Each structure stands twice: as structure tokens, then as C-alpha cells.
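In the UniProt record's numbering, the protein residues as written are 1 to 269.
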């Protein structure tokens, strides 16, 4: 649920603020509101990144160390708390003088100040902890899962295992697609930020798209889940043609139900 809460808060708060700042032709809402905005958006953004990192690690263990998965899932509160603590360890320092929240060069929102060289260590810290390390984890786990999926494709010829393998492959593809979309959305912003830190200023016109494209990352996950969830699509089709959704509990042996249960566990955080 971490991912759902963080993305909802980011969209529900961030999008109206961006629109208001755009209509005002720049940030006109004062320093205090800028600090609040920067803190909320930074925190929720980091929660999304760390939760997606956990999801890829979770799928990695499901594939390579399945007996360890139940132990990890039993530590839900610890894992969820760790994600928020790591996120706050990035968003809180600017409140106490290590960097500061300031209007972005586009004037549409507020974020940690990327232009102030005296806060270089904080900028390096946020880039390493909030983007580079998660990116390496994404790449390693994703590459490993993809290789394993290709290796096990031959097992689909065994009828008893076909449904199980198809279900796991579908969940793996869903998580990998969520991670890929998030990386694609955030890479331009990370690149522009690193350019500012290590090279120099960036014209304002080149900063607007990366910021808004990064924020669009919260929009894709619901669509990915809906499109790739087999049971959800089936119910949508039945509803469109006027057949009421089933009210009874499905058979526990139904692979579709098992798929939903496993996919729900996969995105629980």
C-alpha cells in the first residue's frame, strides 16, 4: 500500500500546485508553502522509488529463493517502516539547513535546490541513495529475472506447470514494466539534476519537460496493473456487456484467483 498512498498523495497534492503555479506564471505562494511542497513531493517520490526497489527484490526472491519469501512478507511492518525512514532521511535534511527547498527554475513547483554549490554533498547524497543505488538494484534483479524467465519457457510444455509458470511470468512482467516506466520517467530529471550539480546551469526551457515527465510516473502504475491483471479485464468485459460481476467466492484451485492473490501480495507495499 506504500506505493498507492505515495502516488495518490503526490498526484493529489502536486498536480494542483503545478497548475496553480503555472497560472500564476511562477511560484507566488511564499517560502513556507514552498518548503511544505518540496518536503511532501520529495518524501512521496522517494517512497515510490524505494517501494519499487523492494518489489523488484521481492520478485527476485520469489524466483530464486522462494522459501525465503514468506519470511520477508512476515516483516511487512519493518519493511514499510524502513522505506519511510529512508525517504525521510532524504527529505528532512533540507528542513534543518543541509540544503534547502526552493522554487524550481521553471517556477512550477519546489524541490531541493540544485543550483547552490555549498550543498553539493547533499545533492550527491540524494542522487546516490535515491537514484543510482536503486537503479543498479533494478538492473541486476530485472536482468536476473528476465534470464530466468527465458530459461523456464521450455517448462510451459508441461501441462500441470503451464498455468503456474504463466501466472508468475505475468506478475514478473508487470513488476518489471512498472520499474521500467518509473526509470524512463525519472531519468531525464535525474540527468538534468546531475548536469546542474557537476557541469553548470541548464536553460529553463530544458527543465520543464523533465520535471513534469518525472511527475507523470505516478499515472502509469494503475494502468499497468489494470491492463496486465487478467481477472480485472475479464470483469470489466462482463460489466460492459451487462453481465453482473460474480458475488460468490471463486474456487481456491482457480489459477486466476491465485494470480490475483499473488499479484496483490506483490504490490502490497
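Note that the Cβ used here is the ideal one computed from N, Cα and C, for glycine as well.
Quick caveat: nothing in here was measured; it's all calculated off a predicted structure.
- Message: Given a cut-off of 8 Å on the beta-carbon distance, is the pair residue 60 and residue 83 in contact?
- Response: Indexing the chain shown from 1 puts residue 60 at position 60. Indexing the chain shown from 1 puts residue 83 at position 83. Not a contact, by the Cβ cut-off of 8 Å.
- Thinking just about the alpha-carbon of each residue, which of 150, 110 and 85 is nearest to the one in residue 36? Position 36 of the chain shown, counted from the first residue, corresponds to residue 36. Closest by alpha carbon: 110.
- Query: Just reading off the beta strand (DSSP E) that residue 94 is part of, what are its end residues?
  - Reply: Against the chain shown, residue 94 aligns to sequence position 94. It is not in any beta strand (DSSP E) - residue 94 carries neither H nor E in the DSSP assignment.
- Message: Between the alpha carbons of residue 223 and residue 178, how many angstroms are there, rounded?
- Response: Within the chain shown, residue 223 is the residue found at index 223, counting from 1. Within the chain shown, residue 178 is the residue found at index 178, counting from 1. Approximately 10 Å between the Cα atoms of the pair.
- Query: How many Å lie between residue 8 and residue 214 at the Cα?
  - Reply: Residue 8 sits at position 8 when you count from the first residue of the chain shown. Residue 214 sits at position 214 when you count from the first residue of the chain shown. Their Cα atoms are separated by approximately 15 Å.
- Item | residue 13, DSSP secondary structure in three states | Counted from its first residue, the chain shown places residue 13 at position 13. Helix.
- Item | Buried versus exposed, by CB contacts within 10 Å (16 or more), residue 184 | The sequence position of residue 184 within the chain shown is 184, counting from 1. Residue 184 is exposed by the Cβ-count criterion.
- Task: Kindly list the residues whose CB is nearer than 8 Å to the CB of residue 15, restricted to its own chain and excluding five residues on each side of it in sequence; keep chain order.
- Result: For the purposes of this step, residue 15 is taken as residue 15 along the chain shown, with counting starting at 1. The answer, listed in chain order, is 215.
- alpha helix (DSSP H) runs contained entirely in the region 66-149, provided each spans 4 or more residues: 66-73, 76-91 and 120-127
- Query: Out of 209, 81, 134 and 107, which has the shortest C-alpha to C-alpha gap to residue 28?
  - Reply: The residue labelled residue 28 in the question sits at position 28 within the chain shown. Checked all of 209, 81, 134 and 107; the closest Cα to residue 28 is 107.
- Query: Which value, in whole angstroms, describes the spacing of the CA atoms of residue 207 and residue 105?
  - Reply: Within the chain shown, the letter at position 207 stands for residue 207. Within the chain shown, the letter at position 105 stands for residue 105. Using only the alpha carbons, I get a separation of about 7 Å.
- Message: Taking 8 Å as the threshold (C-beta atoms), are residue 81 and residue 46 in contact?
- Response: By 1-based counting over the chain shown, the position of residue 46 is 46. By 1-based counting over the chain shown, the position of residue 81 is 81. No, the Cβ-Cβ distance between residue 46 and residue 81 is not below 8 Å.
- Identify, in the order they occur along the chain, each residue of the same chain with its Cβ nearer than 7 Å to the Cβ of residue 93, setting aside the five sequence neighbours on each side. By 1-based counting over the chain shown, the position of residue 93 is 93. If we look at residue 93 and ignore the five residues flanking it on each side, its Cβ neighbours are 99 and 122.
- Three-way DSSP call (helix, strand, coil) for residue 29 in this model: Looking up residue 29 in the chain shown gives position 29. The answer is coil: DSSP assigns residue 29 none of H, G, I, E or B.
- Message: Would residue 112 and residue 126 qualify as a contact pair, given that the criterion is a beta-carbon distance under 8 Å?
- Response: Start at 1 with the first residue of the chain shown, and residue 112 comes out as number 112. Start at 1 with the first residue of the chain shown, and residue 126 comes out as number 126. Yes. Within cutoff.
- Query: Helix, strand or coil: which one does DSSP assign to residue 188?
  - Reply: As a first step, residue 188 must be located in the chain shown, where it is residue number 188. Residue 188: helix per DSSP, three-state reduction.
- Specify the secondary structure class of residue 216 as computed by DSSP and reduced to three states. Walking along the chain shown from the start, residue 216 turns up at place 216. Here residue 216 sits in coil by DSSP.
- Task: Kindly give me the distance between the Cβ atoms of residue 210 and residue 192, rounded to whole angstroms, as I take these residues to be in contact under 8 Å.
- Result: As a working mapping, residue 210 is identified with position 210 in the chain shown. As a working mapping, residue 192 is identified with position 192 in the chain shown. With 8 Å as the limit, residue 210 and residue 192 qualify as a contact, their Cβ atoms being about 5 Å apart.
- Message: I'd like to check one pair, residue 176 with residue 142: are the Cβ atoms closer than 8 Å?
- Response: Translated into positions along the chain shown, residue 142 becomes position 142. Translated into positions along the chain shown, residue 176 becomes position 176. Yes, the Cβ-Cβ distance between residue 142 and residue 176 is below 8 Å.
- Message: So, for residue 145: in the same chain, excluding its five sequence neighbours on each side, which residues have a beta-carbon less than 7 Å away from its beta-carbon?
- Response: Residue mapping note: residue 145 aligns to position 145 of the chain shown, counting from 1. Cβ within range, chain order: 59, 60, 63, 172 and 176.
- Thinking just about the alpha-carbon of each residue, which of 67, 51, 65 and 89 is nearest to the one in residue 77? If you number the chain shown from 1, residue 77 lands on position 77. Residue 51 is the option with its Cα nearest to residue 77.
- Task: Give every residue of the same chain whose Cβ lies closer than 7 Å to the Cβ of residue 150, excluding the five residues on either side of it in the sequence, and list them in chain order.
- Result: Here residue 150 refers to the residue found at position 150 when the chain shown is read from its first residue. Here the set comprises nothing.
- Message: Taking 8 Å as the limit between beta carbons, can you name the residues of its chain near residue 22, skipping five residues before and five after?
- Response: Here residue 22 refers to the residue found at position 22 of the chain shown. These residues qualify, in order along the chain: 108.
- Going by the CB atoms, is the gap between residue 217 and residue 187 shorter than 8 Å? For the purposes of this step, residue 187 is identified with residue 187 of the chain shown, where counting begins at 1. For the purposes of this step, residue 217 is identified with residue 217 of the chain shown, where counting begins at 1. Taking 8 Å as the Cβ cut-off, residue 187 and residue 217 do not qualify as a contacting pair.
- When the Cα atoms are used, what is the spatial distance from residue 117 to residue 6? Sequence index remark: in the chain shown, residue 117 carries index 117 (1-based). Sequence index remark: in the chain shown, residue 6 carries index 6 (1-based). If I take the Cα positions, the gap works out to 30 Å.
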